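A.B. asks: So that we are looking at the same thing, I have put the structure below in structure tokens.
Protein chains: 2
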Amino acid sequence: MSRQVLRGQAFRERPSLNAWVSLLRAHAALTRTLSAELVHAHGLTINDYEVLLHLARADDHRLRRVDLAERLLLTASGITRLLDGLERAGYVCKAQCDSDARVTYAVITDAGFTKLHEASDTHLASIRGLFEERFSGAELDTLGELLGRLPSTAPDATDCSVPD
Amino acid sequence: MSRQVLRGQAFRERPSLNAWVSLLRAHAALTRTLSAELVHAHGLTINDYEVLLHLARADDHRLRRVDLAERLLLTASGITRLLDGLERAGYVCKAQCDSDARVTYAVITDAGFTKLHEASDTHLASIRGLFEERFSGAELDTLGELLGRLPSTAPDATDCSVPD
DNA sequence: GCTAGATTGTTGACTACTCAAGTATAGCTG
DNA sequence: CAGCTATACTTGAGTAGTCAACAATCTAGC
Numbered sequence: 000m001s002r003q004v005l006r007g008q009a010f011r012e013r014p015s016l017n018a019w020v021s022l023l024r025a026h027a028a029l030t031r032t033l034s035a036e037l038v039h040a041h042g043l044t045i046n047d048y049e050v051l052l053h054l055a056r057a058d059d060h061r062l063r064r065v066d067l068a069e070r071l072l073l074t075a076s077g078i079t080r081l082l083d084g085l086e087r088a089g090y091v092c093k094a095q096c097d098s099d100a101r102v103t104y105a106v107i108t109d110a111g112f113t114k115l116h117e118a119s120d121t122h123l124a125s126i127r128g129l130f131e132e133r134f135s136g137a138e139l140d141t142l143g144e145l146l147g148r149l150p151s152t153a154p155d156a157t158d159c160s161v162p163d
Numbered sequence: 000m001s002r003q004v005l006r007g008q009a010f011r012e013r014p015s016l017n018a019w020v021s022l023l024r025a026h027a028a029l030t031r032t033l034s035a036e037l038v039h040a041h042g043l044t045i046n047d048y049e050v051l052l053h054l055a056r057a058d059d060h061r062l063r064r065v066d067l068a069e070r071l072l073l074t075a076s077g078i079t080r081l082l083d084g085l086e087r088a089g090y091v092c093k094a095q096c097d098s099d100a101r102v103t104y105a106v107i108t109d110a111g112f113t114k115l116h117e118a119s120d121t122h123l124a125s126i127r128g129l130f131e132e133r134f135s136g137a138e139l140d141t142l143g144e145l146l147g148r149l150p151s152t153a154p155d156a157t158d159c160s161v162p163d
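Just so you know, the sequences run in chain order A and B. When you line the first sequence up against numbering that gives the first Met the number 0, it's residues 0 to 163, in that order. When you line the second sequence up against numbering that gives the first Met the number 0, it's residues 0 to 163, in that order.
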């Protein structure tokens, strides 16, 4: 039944599909490159890096596991295991919450801060390189704005600065 | 050392970072939604779906493993394992190559074709829903075009139609 | 103040990959 | 045609996450 007359349905929604497929591919390719670099140069995965970044920017440099899960779009158990690694490496430690015995905060350590700053140098430069080689400033803004409209539970996800 | 005067480097490259972080989040959120749907409704992962789609569109409905790997941005071993599952389910089968004994083709079966068409109905509608609710036609084109400029080894990745 | 239900977090079993090493075949070069 | 290198694929071991079941704690309603 191949190569027949093509039925309608699949052919009218090209623009959405095109965008989705391009997004899938771009993510796979960029992630592969950036992650490999981060792992080789600093022994951090992209999610390790994001955890450190979020903690560094948080009040008191600490965040509940639930909030980290929401920010990184991971499940609670994913966060538990991610933090296991970072704790073992000494970049993060635990702290109890006075007002709620259920929560354990993740707190970034001095070593974690140092690591984040080291990693940021190369990581930010790579990202910049990959994007600026392909887009003008205006295009970057457009791309960021459009992507930002897609679902994502973390509303403040766009400030990527690294506090000292 | 926290909350000091902020050092320059990290703050001048916001547009690239913003785009990258938005891409990461959008990918995580969309993947989560679409994949969950596809798995629940049809028992296929996104990569299963993409394999069937690429095979359906290929000449003779077959592709070398190497070529699938390149199209899906997976490693050779990832493809072996992905195809294992699809073979076990009967959606794909193997075929030898006459001119090169090293290659085994993956060939989509009739059952695979049927499955692909079933899955396409809901999957395409979901994608469409997610995107069209947020973007105008022109914006979709822009988004697709911009994302398409990012690295991705498969140049012909943008035609997503499902052959009958 | 007790109980029902929601929230926070961890764990065990699984999945979907990756990487490195190995096998088999192809094809070129002298 | 002998030997080398490159290509196609598979396999074992490891990693990073998921989901479902669980324990502990909090909170609101009666």
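A virtual CB, placed ideally from N, CA and C, is assigned to each residue, including glycine. Given the structure is predicted, the values throughout are model-derived calculations rather than measurements.
1. Alpha carbon to alpha carbon, how far is Ile-107 (chain A) from Thr-113 (chain A)? Give it in angstroms, no decimals.
2. Could you list the residues in the segment 125-149 of chain B with a C-beta less than 8 Å from some C-beta on chain A, going in chain order?
3. Could you give the distance in angstroms between the alpha-carbon of Tyr-196 (chain A) and the alpha-carbon of Leu-43 (chain A)?
4. By the DSSP assignment, the beta strand (DSSP E) with Arg-61 (chain A) in it spans what residues?
5. Applying the 10 Å Cβ sphere with the 16-neighbour rule, what's the burial state of Ala-35 (chain B)?
6. For Thr-103 (chain A), which three-state DSSP category applies?
7. Should the segment 46-65 of chain B be called in touch with the segment 70-89 of chain A, which here means at least 3 C-beta pairs below 8 Å?
8. Between which two residues does the alpha helix (DSSP H) carrying Ala-94 (chain B) extend?
9. When we look at the beta-carbon of Ser-15 (chain B) and count the other beta-carbons within 10 Å, is it buried (16 or more) or exposed?
10. Between Ser-151 (chain B) and chain A, is the shortest Cβ-Cβ distance under 9 Å, so that the two count as touching?
11. Does the Cβ of His-122 (chain B) have 16 or more other Cβ atoms within 10 Å, making it buried, or fewer, making it exposed?
12. Closer than 9 Å, Cβ to Cβ, to anything on chain B: give me those residues from the segment 23-45 of chain A, in chain order.
13. Rounded to the nearest angstrom, what separates Asn-17 (chain B) and Ala-27 (chain B) at their Cα positions?
14. Would you kindly check if the distance between the Cβ of Ser-21 (chain A) and the Cβ of Arg-24 (chain B) is under 9 Å?
15. Assign Gly-111 (chain B) to one of three DSSP states: helix, strand, or coil.
C.D. replies: In short, the structure shows the following:
1. Distance between the alpha carbons of Thr-113 (chain A) and Ile-107 (chain A): 10 Å.
2. Taking 8 Å as the Cβ-Cβ cut-off against chain A, the residues of the segment 125-149 of chain B that qualify are Ile-126, Arg-127, Leu-129, Phe-130, Glu-131, Arg-133, Phe-134, Gly-136, Glu-138, Leu-139, Asp-140, Thr-141, Leu-142, Gly-143, Leu-145, Leu-146, Gly-147, Arg-148, Leu-149.
3. Because chain A here runs from 0 to 163, residue 196 (chain A) falls outside it and cannot be looked at.
4. First-last of the beta strand (DSSP E) with Arg-61 (chain A): 61-63.
5. Under this definition Ala-35 (chain B) is an exposed residue.
6. Here Thr-103 (chain A) sits in strand by DSSP.
7. At 8 Å Cβ cutoff, the stretches do not touch.
8. No alpha helix (DSSP H) holds Ala-94 (chain B); the beta strand (DSSP E) holding it covers 91-95.
9. Buried, since its Cβ has 16 or more Cβ neighbours within 10 Å.
10. It does: the Cβ of Ser-151 (chain B) has a partner Cβ on chain A nearer than 9 Å.
11. It is buried - the Cβ of His-122 (chain B) has at least 16 other Cβ atoms within 10 Å.
12. Cβ contacts with chain B come from Leu-23, Arg-24, Ala-25, His-26, Ala-27, Ala-28, Leu-29, Thr-30, Arg-31, Thr-32, Leu-33, Ile-45.
13. Taking the CA atoms as reference points, Asn-17 (chain B) sits about 15 Å from Ala-27 (chain B).
14. With respect to the 9 Å criterion, Arg-24 (chain B) and Ser-21 (chain A) are not classified as neighbours on the basis of their beta carbons.
15. Three-state result, Gly-111 (chain B): helix.
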